[in-house]
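In what follows, a structure is listed as C-alpha cells, so that the remarks can point back to it.
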Amino acid sequence: MIPEVITAIENERSKGKFSFLLTWNTNDRQLCMEEKIYPSNLHFVLASHLSLQGFHVGLYSQGAGIRALDPPRSKAEGRNPFPNDIQAPLLSLTGLLQAPTQKKALIVQYADLLAPASEGNVFLEKDQQGVLETLHRWGFDDSIRQSGNMIVLVSYEGAIHGLLTRSGAFTTIEVPLPNLEGRREMAELLSTRTQRSSIYGRLAEGYGMEEFARGSNGLRLNDIEALFRAKAGSEITRQDVQAIKSAAIHEMAGGLMEIVDPAEGFESVAGLDAAKAYFQQLKWMFQHGSPAVPYGILLAGVPGVGKSKLCAALAKELDLPLLIMRNLYGPYVGQSEANLERVLHVVDAMSPCVVVIEEIDQGIGQRGSGPSGDSGTSNRMSQRLWEALGSGKNRGRSLWIGTTNRPDILDPALLDRFQVVVPFLHPTPSEVVVLLPVLAAQVQRVIEPGTDLKTIAALANLQLPTVRALCEIIAQAAQRADYEHGDVGCPIPHRHLEAAARDFKRTYDLLQHEYIALRCISMVLFNSLLPWISEGRRRPDTPIPSYLDNIVDPASGLVDDVKLMARIHELEDRLLRQRMRR
442 MIPEVITAIE NERSKGKFSF LLTWNTNDRQ LCMEEKIYPS NLHFVLASHL SLQGFHVGLY
502 SQGAGIRALD PPRSKAEGRN PFPNDIQAPL LSLTGLLQAP TQKKALIVQY ADLLAPASEG
562 NVFLEKDQQG VLETLHRWGF DDSIRQSGNM IVLVSYEGAI HGLLTRSGAF TTIEVPLPNL
622 EGRREMAELL STRTQRSSIY GRLAEGYGME EFARGSNGLR LNDIEALFRA KAGSEITRQD
682 VQAIKSAAIH EMAGGLMEIV DPAEGFESVA GLDAAKAYFQ QLKWMFQHGS PAVPYGILLA
742 GVPGVGKSKL CAALAKELDL PLLIMRNLYG PYVGQSEANL ERVLHVVDAM SPCVVVIEEI
802 DQGIGQRGSG PSGDSGTSNR MSQRLWEALG SGKNRGRSLW IGTTNRPDIL DPALLDRFQV
862 VVPFLHPTPS EVVVLLPVLA AQVQRVIEPG TDLKTIAALA NLQLPTVRAL CEIIAQAAQR
922 ADYEHGDVGC PIPHRHLEAA ARDFKRTYDL LQHEYIALRC ISMVLFNSLL PWISEGRRRP
982 DTPIPSYLDN IVDPASGLVD DVKLMARIHE LEDRLLRQRM RR
C-alpha cells in the first residue's frame, strides 16, 4: 500500500500547496510495495517516491549539510542540481528553489532543532533566527510556488516555531502509525524472509497473520521488525506482542503514558455495587456501538476507595487496552503542549481503548480565568483536551475516564465534557463487613470462620475508612497471625484482626474527607448514580453514610440540595479556620 504520509502530501499538492511540515511518527520506517520501495527511513521513501514523479531531491541537515539524493529508478531528467556541500548554509538554496528549470524537492531534516518552538524569538540563537526567517520566506515565496518545486521539513521530536505553523507558511502533516494493512504487509514481508533466513522469527502455530496485524495496533514498523529479529529462529506469541507493545507505547509517549493489560474484571472489585452496575450498562453500550456512550466519565471521590481498580476492571471486561496518562507538564517552552499532542497521537493509534487521566484535577482539570503565570499553557492544554474529548470521531472509539480526589478545584469546563460523574464514597460499616474477606482473598489470605466482623467494623477508629486503609489492616493482621503461628499464610483469627484494627491510626482529616464526599455528591447529575439508589428506587441493602443522615431522605434516598450546600459551606468555613491556625 502507499504510505498515508505520501497520500496526504499528494492530496495537498493537488490543492496548490508546496511546503510541508512532517511531524509525529517521523522516526519510523515506511513501506511502499506498490512502488517497490522496501522498509526504509522516511526521507529515503519520500525521495524515492518524488524521484519517480520526476523530482530531483536534495537533503539538508545542519550536521551533514546539503546532499543530492538519487534513488534507483529515478525519472528525474538531467543531472541533480543539488550540491554535495557539508558547509553550505540553508539560505544558499533559495535561488535553486526559485529556478523553474527542472523539478526539485528539498527535504530538511531536524527542523525542530533548526527552528524550535519559543515565545517569540526570545530563546532563539542568532543562527536559529536566520534559519527561521529563511524558512518563513520560502513558505510564502511565489517564485518557488510557481516553479513547481517543493520543500519538506521533518520534525523528529520537538515542536516547531509557531511562525512556520500558525502563519500558514507550511502545511502540517502528521505521519501516522502504520494502519492495519501496513502492519500486515510488514509482517508478511518479514515472514517471507524468515523462510529464507533464520535472522527473523515466525508466528506461533495458531497465531494467524490477521490476528497479529490486529493485535499489533500501536506498534511502529520499527517495532515489528525488532520483534521479528529478537525472536530469530523461534516463535512469536501473543505475549511477545503485548510485551513489546507496552514498551513501545511507553517510549512513544515519552514516559507520559503507561499501557496496562488488566488481569481481572468486575468480579475482583469488592463493594461499589452502584458503580459496577453503571459500568455493566456502559460495557453493553460500548460493545453494541451505542451512540449514547458518553465522551468522558469522571470518577470523583476520596482517595483509596477503588477508582483506579474499577477502571482496570472495566478495561478487562471490554477486552481493551488500558492507557494511564501521567502528568504532562514540562519545564520548557512548548514542551507541555507537545506532550499532550504526543499522548493524543498514542490514544488515536491504540483506539479502541480505555484512557484514564489520573488526578485530573492536577493541571488539566484547572483553567485560569486571568493571567495564569505559565504563559497560558494551562488554558491551551485544557482547550486542546476538550477538543479531543468532544470530537465526534472519538465517540464510541475511546472511552476517557478521569479520576479526582479534589472535585472542589476542577474547572467547570471539565464537567461539561465529562458528562457522567460517578461518586466514590467511604464504605459504611455494613460494607466493611463484606469488604474484609474479599480484600483478604486478594492477597491469598482467609479470615477464620466465626470472626465477628460487625464488631470490628463498628470500631470508632474505622469511621469513614478507605479501602486502602482496610487493606493495610488486613496486612497487619496477617503479619501478627503468621508470626504467632510460625508459618506464612495461616488463617487470620478474630483477635489479630481486631487488634490490627484497634491499632490502626487514621492519618487523614475526617472533615476534609467528608467535604470531598459531599462535593462529589453535589456534582452528580443523575440520582441513579448515587450508591444507595438503583433505577430510581432506594436500594434496601445499601446503607447511607452517616454524614448524610440529615441530608438524604432515608425512604427515597433523594438528596436535599439546600441542606447539602449548607453543610458544604459549613465545612468550607471550618477547614479554612483549620488552615489559618496552622
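Just add 441 to the spot in the sequence shown (first one is 1) and you have our numbering. For each residue, glycine too, the CB sits at the ideal point set by N, CA and C.
* Asked: At which residues does the alpha helix (DSSP H) containing Ala716 begin and terminate?
  -> Locating residue 716 in the sequence shown gives position 275, counting from the first residue. Looking at the DSSP string, the run of the alpha helix (DSSP H) that includes Ala716 is Asp714 to Gln728.
* For Arg978, count neighbouring C-beta atoms within 10 Å of its own C-beta (all shown protein chains included) and say buried if the count is 16 or more, exposed if not. => On the sequence shown, residue 978 is found 537 positions in, with the first residue counted as 1. Its Cβ having fewer than 16 others within 10 Å, Arg978 is exposed.
* Using a threshold of 7 Å, state whether the C-beta atoms of Leu493 and Ala552 are closer than that. => Here residue 493 refers to the residue found at position 52 of the sequence shown. Here residue 552 refers to the residue found at position 111 of the sequence shown. Result no, Cβ atoms of Leu493 and Ala552 do not sit closer than 7 Å.
* To do: Report yes or no: do three or more beta-carbon pairs, one from the region 963-975 and one from the region 916-931, lie closer than 8 Å?
  => Result no; under three Cβ-Cβ pairs closer than 8 Å.
* Cβ of Asp664 within 7 Å of Cβ of Ala689? -> For this step, residue 664 is matched to residue 223 along the sequence shown. For this step, residue 689 is matched to residue 248 along the sequence shown. Between Asp664 and Ala689, the gap from beta carbon to beta carbon is short of 7 Å.
* Helix, strand or coil for Thr606 per DSSP? -> Start at 1 with the first residue of the sequence shown, and residue 606 comes out as number 165. Note: Thr606 maps to helix in three-state DSSP.
* Round the Cβ separation of His484 and Leu500 to the nearest angstrom and send it over; I've been treating them as touching at under 8 Å. => Here residue 484 is taken as the residue at index 43 of the sequence shown, counted from 1. Here residue 500 is taken as the residue at index 59 of the sequence shown, counted from 1. Yes, they are in contact, since the Cβ atoms of His484 and Leu500 sit about 6 Å apart, within 8 Å.
* Just how far apart, CA to CA, sit Ile847 and Gly742? -> Indexing the sequence shown from 1 puts residue 847 at position 406. Indexing the sequence shown from 1 puts residue 742 at position 301. Checking the sequence shown, residue 847 turns out to be Arg, not Ile. So the two alpha carbons sit approximately 8 Å from each other.
* To do: Output yes or no for whether 7 Å exceeds the beta carbon distance between Thr869 and Pro986.
  => For the purposes of this step, residue 869 is taken as the residue at position 428 of the sequence shown. For the purposes of this step, residue 986 is taken as the residue at position 545 of the sequence shown. Their beta carbons are under 7 Å apart, which means Thr869 touches Pro986 by this criterion.
* CA-to-CA distance, Leu911 to Ile614, given in whole angstroms -> In the sequence shown, the residue the question calls residue 614 occupies position 173. In the sequence shown, the residue the question calls residue 911 occupies position 470. Distance between the alpha carbons of Ile614 and Leu911: 52 Å.
* Provide the residue(s) that pair with Met1006 in DSSP beta bridges, ordered along the chain. => By one-based count along the sequence shown, residue 1006 stands at place 565. The partner list for Met1006 (beta bridge, DSSP) is empty, contrary to what the question assumes.
* Element boundaries [beta strand (DSSP E), containing Leu547] -> Residue mapping note: residue 547 aligns to position 106 of the sequence shown, counting from 1. Start and end: Lys545 to Val549.
* To do: Just the C-alpha distance for Arg1022 and Leu880, rounded to the nearest angstrom, thanks.
  => In the sequence shown, the residue the question calls residue 1022 occupies position 581. In the sequence shown, the residue the question calls residue 880 occupies position 439. The alpha-carbon atoms of Arg1022 and Leu880 are separated by roughly 38 Å.
* Output yes or no for whether 7 Å exceeds the beta carbon distance between Arg624 and Ser657. => For the purposes of this step, residue 624 is identified with residue 183 of the sequence shown, where counting begins at 1. For the purposes of this step, residue 657 is identified with residue 216 of the sequence shown, where counting begins at 1. With contacts defined by Cβ atoms closer than 7 Å, Arg624 and Ser657 form a contacting pair.
* Within this structure, are the beta carbons of Leu1012 and Ile992 separated by less than 7 Å? -> The sequence position of residue 1012 within the sequence shown is 571, counting from 1. The sequence position of residue 992 within the sequence shown is 551, counting from 1. The answer is no: Cβ separation not under 7 Å.
* Return the first residue and the last residue of the alpha helix (DSSP H) that Val879 is part of. => For the purposes of this step, residue 879 is taken as residue 438 along the sequence shown, with counting starting at 1. Unbroken alpha helix (DSSP H) run through Val879: Pro870 to Gln883.
* Indicate the three-state DSSP secondary structure (helix, strand or coil) for Ala790 in the structure shown. => Here residue 790 corresponds to residue number 349 of the sequence shown, with the count starting at 1. In the structure shown, Ala790 sits in a helix (DSSP, three-state: H, G or I).
* Asked: Around the Cβ of Met766, are there at least 16 other Cβ atoms within 10 angstroms (buried) or fewer (exposed)?
  -> The residue you call residue 766 lines up with position 325 of the sequence shown. Buried, because 16 or more other Cβ atoms sit within 10 Å of the Cβ of Met766.
* Using alpha carbons as the reference points, say which of Pro522, Ser871 and Leu660 lies closest to Gly712. => Reading the sequence shown from its first residue, position 271 is the one you call residue 712. Looking at the Cα atoms, Ser871 is the closest of the given residues.
* How many angstroms separate the CA atom of Gln953 from the CA atom of Ala654? -> Along the sequence shown, one-based indexing puts residue 953 at 512. Along the sequence shown, one-based indexing puts residue 654 at 213. Distance between the alpha carbons of Gln953 and Ala654: 50 Å.
* Continuous alpha helix (DSSP H) stretch holding His490: start and end -> Position 49 of the sequence shown holds residue 490. Here the alpha helix (DSSP H) through His490 covers Leu483 to Leu493.
* Inter-residue CB distance, Ser588 and Pro541 (contact presumed, cutoff 8 Å) -> In the sequence shown, residue 588 corresponds to position 147, counting from 1. In the sequence shown, residue 541 corresponds to position 100, counting from 1. The Cβ separation is near 4 Å, so the contact holds.
* Looking only at its own chain, which residues have a Cβ that is under 7 Å from the Cβ of Gly811, when we skip the five neighbours before and after it? -> For the purposes of this step, residue 811 is taken as residue 370 along the sequence shown, with counting starting at 1. Residue confidence is low: Gly811 scores 41 on pLDDT, short of 50, so the model does not pin down where it sits. Its coordinate-derived value is still stated next. Nothing meets the Cβ criterion.
* **Completely contained alpha helix (DSSP H) runs for the region 936-977, where each covers 4 or more residues** => 951-964
* Going by C-alpha distance, which of Gly609, Ala694 and Asp714 is nearest Ser460? -> For the purposes of this step, residue 460 is identified with residue 19 of the sequence shown, where counting begins at 1. If we check each option's Cα against that of Ser460, Gly609 comes out closest.
* Asked: Exposed or buried, what is Lys748 when buried is set at 16 or more other beta-carbons lying within 10 Å of its beta-carbon?
  -> On the sequence shown, position 307 is the one that residue 748 refers to. With 16 or more Cβ atoms within 10 Å of its Cβ, Lys748 is classed as buried.
* **Distance CB(Val796)-CB(Thr907) smaller than 7 Å** => Locating residue 796 in the sequence shown gives position 355, where the first residue counts as 1. Locating residue 907 in the sequence shown gives position 466, where the first residue counts as 1. No, they are not a contact pair.
* Asked: Leaving out the 5 sequence neighbours to the left and right, which residues in its chain are closer than 6 Å to Met591 when beta-carbon positions are compared?
  -> Locating residue 591 in the sequence shown gives position 150, counting from the first residue. If we look at Met591 and ignore the five residues flanking it on each side, its Cβ neighbours are Phe459 and Ala546.
* Asked: Quick one, are the C-beta atoms of Pro972 and Ala718 less than 7 Å apart?
  -> The sequence position of residue 972 within the sequence shown is 531, counting from 1. The sequence position of residue 718 within the sequence shown is 277, counting from 1. Cβ atoms of Pro972 and Ala718: not closer than 7 Å.
* So, helix, strand or coil for Leu769, using DSSP? -> Locating residue 769 in the sequence shown gives position 328, where the first residue counts as 1. In this structure, Leu769 counts as coil in the three-state DSSP scheme.
* For Phe611, name the three-state secondary structure that DSSP assigns. => For the purposes of this step, residue 611 is taken as the residue at position 170 of the sequence shown. Note: Phe611 maps to coil in three-state DSSP.
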